[in-house]
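**Student:** Quick one: the structure is below, questions incoming.
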Amino acid sequence: MFRGYRFEHPRDETVVEVGGWSYLWAGLFGAFYLWRHGFGRLFPKAFAINLGYLLFFVGVWAVTSWVVPLRIQAAILLAMIPTLIIAQGATMLRMLKGAYRHRGWMVRQG
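Put into structure tokens, the structure is as follows:
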């Protein structure tokens, strides 16, 4: 699941590699991770996706605060944190991969 990618420019042979840890960094920093890689034009879309993940977490917190006991709510929310970080990281890397492809770079499994 945490496969890395190797992006290669077809003309000047520039190589950018992202590994398994990139899922964590992209999951934690979201849109800023894409911006750091030079895709500032994707920042608004990625930031909206980050807000969607945040609103989902807040929504689950709100619903569980009415329905389930506090200990179960805490377990649910603690389990959701790494799950959402991984999901957001995979989404951001998918966007990064598509952006490099759109620029004409070759994408290889790393």
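Per our numbering, residue 1348 is the first one in the sequence shown, and the count goes up by one each step.
Glycine included, each C-beta is placed from N, C-alpha and C at the ideal position.
(1) Just to confirm, is the Cβ distance from Gly1366 to Gly1457 under 8 Å?
(2) Go ahead and label Gly1436 buried or exposed: buried means 16 or more other beta carbons lie within 10 angstroms of its beta carbon, across all protein chains shown.
(3) Would the beta-carbon of Leu1443 fall within 8 Å of that of Leu1381?
(4) Take the Cβ of Met1439 as the centre, count every other Cβ of all protein chains shown within 10 Å, and call the residue buried at 16 or more, exposed below.
(5) Which same chain residues end up closer than 6 Å to Tyr1469 when comparing Cβ atoms and leaving out the 5 residues on each side of it in sequence?
(6) Note down, in chain order, each residue of its chain lying with its Cβ closer than 7 Å to the Cβ of Arg1448, except the 5 sequence neighbours on either side.
(7) Where Thr1361 and Arg1450 are concerned, what is the direct C-alpha to C-alpha distance, given to the nearest angstrom?
**Tutor:** With the structure as the only source:
(1) Sequence index remark: in the sequence shown, residue 1366 carries index 19 (1-based). Sequence index remark: in the sequence shown, residue 1457 carries index 110 (1-based). It is a contact, given that the beta carbons lie within the stated cut-off.
(2) As a working note, residue 1436 is residue 89 in the sequence shown. So Gly1436 counts as buried.
(3) Indexing the sequence shown from 1 puts residue 1443 at position 96. Indexing the sequence shown from 1 puts residue 1381 at position 34. It is a contact, given that the beta carbons lie within the stated cut-off.
(4) Reading the sequence shown from its first residue, position 92 is the one you call residue 1439. Buried: at least 16 other Cβ atoms inside 10 Å.
(5) As displayed, the chain neither begins before 1348 nor continues past 1457, which places residue 1469 out of reach and without an answer.
(6) One-based indexing of the sequence shown puts residue 1448 at position 101. Taken in chain order, the residues that qualify are Val1454.
(7) For the purposes of this step, residue 1361 is taken as residue 14 along the sequence shown, with counting starting at 1. For the purposes of this step, residue 1450 is taken as residue 103 along the sequence shown, with counting starting at 1. Their Cα atoms are separated by approximately 13 Å.
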